[in-house]
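A short worksheet on the structure shown next.
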Amino acid sequence: MESKTKYTIILTIFLISLIFSGILTFVSLEEACGGIQTTCYAVQTSQYESTFGIKNSNIGLVAFSIMAILVFLHIKQPTKYKKQMIIAGIIGGTIFALYFLYIQFFVIDALCKYCMVIDIGMLLNLGIIIFWKDK
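Here it is, written out as structure tokens:
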């Protein structure tokens, strides 16, 4: 039961991140960010908006969809392999989150509210897998 709760929280965080990635992908940036004079808009239109030519919000849509499905399947039928894949995905996502936080705080000097929720969510998921031990 405790493990199910743990993975349900992780799933919820991934679903929130998926929704926010969807907002950045499907809603106009001006509307999503609240105008072109906002720091959110500055982040989303900076040279760091894409990785390897792919918009970060699109990468987020794919990554968070895959992770949400994987966690859901693990909740329904836990396996060691799925658990290892979830841990690997969270570690990889956290590396990207730390990079994006660095870029926002120290390079662009502007914050995107959606990005912050997504990045903090990844850090929370990392904390959950590190500190919430399964019995």
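Sequential numbering of the sequence shown, starting at 1, is according to the numbering used here. For every residue, glycine included, the Cβ atom is placed at its ideal position computed from N, Cα and C. From a predicted model like this one, the values you see are computed outputs, not experimental measurements.
Mind checking which residues open and close the alpha helix (DSSP H) that includes residue i?
i      : result
Ile103 : No alpha helix (DSSP H) holds Ile103; DSSP gives it neither H nor E.
Lys113 : 113-131
Ala110 : No alpha helix (DSSP H) contains Ala110, which DSSP labels as neither H nor E.
Val27  : Looking at the DSSP string, Val27 is not in any alpha helix (DSSP H), and its letter there is neither H nor E.
Tyr41  : 39-44
Any idea what DSSP makes of residue i, helix, strand or coil?
i      : result
Ile155 : Given that the chain is displayed from residue 1 to residue 135, the structure contains no residue 155 and the question cannot be resolved.
Thr12  : helix
To the nearest angstrom, report how far apart residue i and residue j are at their CA atoms.
i      : j     : result
Thr39  : Thr5  : 36 Å
Phe96  : Leu15 : 18 Å
Lys123 : Ile66 : Sequence check: residue 123 is Leu here, not Lys. Computed Cα separation, rounded: 18 Å.
I'd like to know whether the C-beta atoms of residue i and residue j end up nearer to each other than 8 Å.
i     : j     : result
Ser21 : Phe72 : no
Per the contact definition of three or more C-beta pairs closer than 8 Å, is the region 66-85 in contact with the region 20-31? no
Three-pair Cβ contact test at 8 Å for the region 103-112 versus the region 50-61: no
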